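Throughout, our numbering is defined as the position within the sequence shown, counted from one, plus 1375.
We treat Cβ as the ideally placed atom computed from N, Cα and C, and that holds for glycine.
A quick note: this is a predicted structure, and the numbers were derived from the prediction, not measured.
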Amino acid sequence: MVDPAAVDGYLESFLLPPDAVLAEVENACAAAGLPAIAVSRLQGRLLHLLARAIRAERILEIGTLGGYSATWLARALPAGGQLDTCEIDPRHAEVAAANLTRAGLDGQVAIHLGPAADTLARLTGPYDLVFIDADKESNADYVRAAQPLCRPGALLVVDNVVRRGAVADAADQTPMVLGVRRLLELLAQHPSLPATAVQTVGTKGHDGFLLALVAD
Ligand code: SAH
Ligand code: DHB
Ligand code: MG
């Protein structure tokens, strides 16, 4: 089997035009010593295309890190659109702020410093797209808090729901995995949030995205 990371590179060589700004953002995150856990390039573009496909004008992100996924998402916004992104770590928020300024997106992105649960209690939306990618223990709480802030037809995307298959390994009882299972249990009870999950491989190994629709 060809290494999935090499396959990402191959696909990128056709699908992702060279992008000096994104490369600078990637480099700045690495130079600042942030953990290399941002979405991959191809995944970032998936988020970007989803946002454009639904013509998202207001986007909520939970988990900013260095602003890499925020850059992809904010670039999908029309003039006057806004991304609200939540980050608990002041150093991450600082790196993200510099990156978003560098990318010329600071006018369209608000970084909300603090625990996302507190920020969500203050935000009003209505959001067209929500990307959940912070502390996995709180996934279900974030979906519960985000749903009323969404317009009917909004899309929820949750990162890291597979964790190398750990989600389906009953022996794995780590808090992260339990958090993903609580999210799955919540969705199983909520026909108003029809959902699916897509397993992914690539530079980030074996993982997956969950997608849920805030049905009318
Ligand atoms: N979405 C980013 C990666 C996010 S990594 C990207 O793909 O580029 C997860 C981030 O969530 C980290 O920066 C971490 O500090 C933040 N985080 C963890 N717990 C949080 C909380 N309770 N509230 C807000 N942010 C949190
Ligand atoms: C990891 C990856 C992520 O996308 C994330 O949000 C958190 C952690 C990881 O690979 O450890
Ligand atoms: Mg993630």
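Considering only residues of the same chain and omitting the five flanking positions on each side of E1432, which have a CB-CB separation below 8 Å?
Translated into the one-based positions of the sequence shown, residue 1432 becomes position 57. Cβ neighbours of E1432 beyond the five flanking positions: L1452, P1453, G1455, G1456, Q1457, D1503.
Output the distance between the C-alpha atoms of A1380 and V1414, rounded to the nearest integer angstrom.
Sequence index remark: in the sequence shown, residue 1380 carries index 5 (1-based). Sequence index remark: in the sequence shown, residue 1414 carries index 39 (1-based). Their Cα atoms are separated by approximately 13 Å.
In whole angstroms, what is the alpha-carbon distance linking A1428 and L1448?
Taking the first residue of the sequence shown as position 1, residue 1428 is located at position 53. Taking the first residue of the sequence shown as position 1, residue 1448 is located at position 73. Those two C-alpha atoms are separated by around 12 Å.
For R1450, count the other beta carbons within 10 Å of its own beta carbon; 16 or more makes it buried, fewer makes it exposed. Which is it?
The residue given as residue 1450 occupies position 75 in the sequence shown. It is buried - the Cβ of R1450 has at least 16 other Cβ atoms within 10 Å.
Around the C-beta of N1535, are 16 or more other C-beta atoms found within 10 angstroms, so that it is buried, or is it exposed?
As a first step, residue 1535 is located in the sequence shown; it is residue number 160 there, counting from the start. By the neighbour-count rule (16 or more Cβ atoms within 10 Å), N1535 is buried.
What residues come near ligand 3, if near means a beta carbon less than 5 Å from any of its heavy atoms?
Listed along the chain, these residues meet the criterion: D1508, D1534, N1535.
H1487 - containing alpha helix (DSSP H), residue span
One-based indexing of the sequence shown puts residue 1487 at position 112. Counting along the chain, no alpha helix (DSSP H) covers H1487; the unbroken beta strand (DSSP E) around it starts and ends at 1484-1488.
Mind reading off the beta-carbon distance from T1439 to A1471? Whole number of angstroms is fine, and I expect it under 8 Å.
The residue labelled residue 1439 in the question sits at position 64 within the sequence shown. The residue labelled residue 1471 in the question sits at position 96 within the sequence shown. About 5 Å separates the two Cβ atoms, so the contact holds.
Taking only heavy atoms of ligand 2 into account, decide whether any of them is closer than 8 Å to the Cβ of G1438.
Residue 1438 sits at position 63 when you count from the first residue of the sequence shown. G1438: yes, Cβ under 8 Å from ligand 2.
Measuring only from the beta carbon, is P1410 closer than 8 Å to any heavy atom that is part of ligand 2?
Reading the sequence shown from its first residue, position 35 is the one you call residue 1410. Yes, since a heavy atom of ligand 2 falls inside the 8 Å radius drawn around the Cβ of P1410.
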